[in-house]
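Notes to accompany the following structure.
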Amino acid sequence: MSTTQTPTLTLIGPGRHGTAIAGLFASHGVNISLFHYKPAKAEAAARRLRPIARNARIDIATSLEEAAQASPFLALTTLWGAPQQAVVSALGDLLDGKILIDVANPLDVTPTGVQLRRPVEGSAGQYLASLLPANVGHVKAFSNLATAAVASSAIAEASPKAVLPYLADSAETSAQVRPLLAQTGWQPRYVGTLRSARDLEITGTYNQVSGRLGRNVLDVDEFTARFGPEQTPDA
Ligand SMILES: NC(=O)c1ccc[n+]([C@@H]2O[C@H](COP(=O)([O-])OP(=O)(O)OC[C@H]3O[C@@H](n4cnc5c(N)ncnc54)[C@H](OP(=O)(O)O)[C@@H]3O)[C@@H](O)[C@H]2O)c1
Numbered sequence: 180m181s182t183t184q185t186p187t188l189t190l191i192g193p194g195r196h197g198t199a200i201a202g203l204f205a206s207h208g209v210n211i212s213l214f215h216y217k218p219a220k221a222e223a224a225a226r227r228l229r230p231i232a233r234n235a236r237i238d239i240a241t242s243l244e245e246a247a248q249a250s251p252f253l254a255l256t257t258l259w260g261a262p263q264q265a266v267v268s269a270l271g272d273l274l275d276g277k278i279l280i281d282v283a284n285p286l287d288v289t290p291t292g293v294q295l296r297r298p299v300e301g302s303a304g305q306y307l308a309s310l311l312p313a314n315v316g317h318v319k320a321f322s323n324l325a326t327a328a329v330a331s332s333a334i335a336e337a338s339p340k341a342v343l344p345y346l347a348d349s350a351e352t353s354a355q356v357r358p359l360l361a362q363t364g365w366q367p368r369y370v371g372t373l374r375s376a377r378d379l380e381i382t383g384t385y386n387q388v389s390g391r392l393g394r395n396v397l398d399v400d401e402f403t404a405r406f407g408p409e410q411t412p413d414a
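Residue numbers for the sequence shown follow our numbering, so the first one is 180 and each next one is one higher.
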């Protein structure tokens, strides 16, 4: 990523988790373009984000087309399943060549509460992979983390750094997204392809950790002691 150009992240579906993710990037100098299919919800997210943005703009995209054009990086932060299908289908060719950051867990919100599902594909990440065109770079991150951890400036500024484990569908996708993830102050750590998505989702390996920075979060020393050195994506 160029040091002279301010990066931009487009975030589609800013709710609880997505707004925290947007806040983490915006507080570290990443411009944010927000798209919500209910414009009032995009406005509400923008109002929460503008006071914490540092050297970064918070813009609202009024259409998915505008949202897609704002950045090569799109974070999809709706619930999994039907909303993801709706967004992917509406984006269509606009996804060509984009990097899509998937944060979802396989949780359904039902009238009787939140239900954990076991997708037939194996994980929410593999379900989304089944919807994506071949020319989209698929990244998974933030699904193992509680919203409070993502929003914590103490964790983002920790030393040694907090580890942000991520999955990527190829070495090229990993190389493209890594500098963006590093902007957060967390230390990005490649932990595999989307075939390992379940590990990065609720109840998965990286969701079942606790360290000095709290639940779901290990610092770089703790992470290496627990999981060994960083993997290298296959070229
Ligand atoms: N919250 C957590 O602690 C947490 C932790 C890890 C991962 N995650 C994952 O993060 C994702 C979001 O969770 P959340 O708790 O933030 O849920 P949320 O608060 O319901 O946020 C999702 C947002 O997406 C919006 N949306 C739905 N369809 C859309 C569309 N077609 N275009 C644009 N926006 C759309 C929703 O709007 P409406 O509600 O108005 O339809 C809602 O505002 C989920 O996949 C979840 O598994 C959450």
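The beta-carbon is built from N, C-alpha and C at its ideal position, and this holds for glycine as well.
Close Cβ partners of residue i (< 8 Å) along its chain, the five nearest in sequence each way excluded
{"i": "S242", "result": "F214"}
{"i": "A361", "result": "P367"}
Counted within 10 angstroms of its Cβ, other Cβ atoms place residue i as buried (16 or more) or exposed
{"i": "G407", "result": "exposed"}
{"i": "A341", "result": "buried"}
{"i": "R226", "result": "exposed"}
{"i": "T289", "result": "exposed"}
{"i": "G276", "result": "exposed"}
{"i": "S181", "result": "Annotation note: pLDDT 45 at S181 (below 50); position unreliable, coordinate value reported separately. Counting Cβ neighbours within 10 Å, S181 comes out exposed, since fewer than 16 surround it."}
{"i": "G192", "result": "buried"}
{"i": "G271", "result": "exposed"}
{"i": "E351", "result": "exposed"}
{"i": "D287", "result": "exposed"}
Contacts around residue i, its chain only, beta-carbon distance under 7 Å, and the 5 residues preceding and following it disregarded
{"i": "N314", "result": "D275, G276"}
{"i": "E222", "result": "I239"}
Among the options, the one whose alpha carbon lies nearest that of residue i
{"i": "A404", "options": "T411, P412, S389", "result": "S389"}
{"i": "G210", "options": "A254, G383, E380", "result": "First, the residue type needs correcting, since residue 210 is Asn and not Gly in the sequence shown. The shortest C-alpha separation from N210 is found at A254."}
{"i": "A201", "options": "A232, P218, K217", "result": "A232"}
{"i": "T382", "options": "L373, L359, A325, V299", "result": "A325"}
Neighbourhood of residue i by C-beta, 6 Å cutoff - its chain only, sequence neighbours within 5 removed
{"i": "A224", "result": "P193, T198, L213"}
| query | What runs of the alpha helix (DSSP H), each 4 residues or longer, lie entirely inside the segment 270-329? | reply | 303-310
| Where are the alpha helix (DSSP H) runs, 4 residues long or more, that stay fully inside the segment 331-407, in chain order? | 332-335, 350-361, 399-406
| message | Between the segment 291-299 and the segment 328-339, can you find at least three pairs of beta-carbon atoms closer than 8 Å? | response | no
| field | Stretch-stretch touch, CB-based, cutoff 8 Å, three pairs: the segment 397-406 with the segment 321-329 | value | no
| If you scan the segment 186-226 from start to end, which runs of the alpha helix (DSSP H) of 4 or more residues do you find wholly inside it? | 195-205
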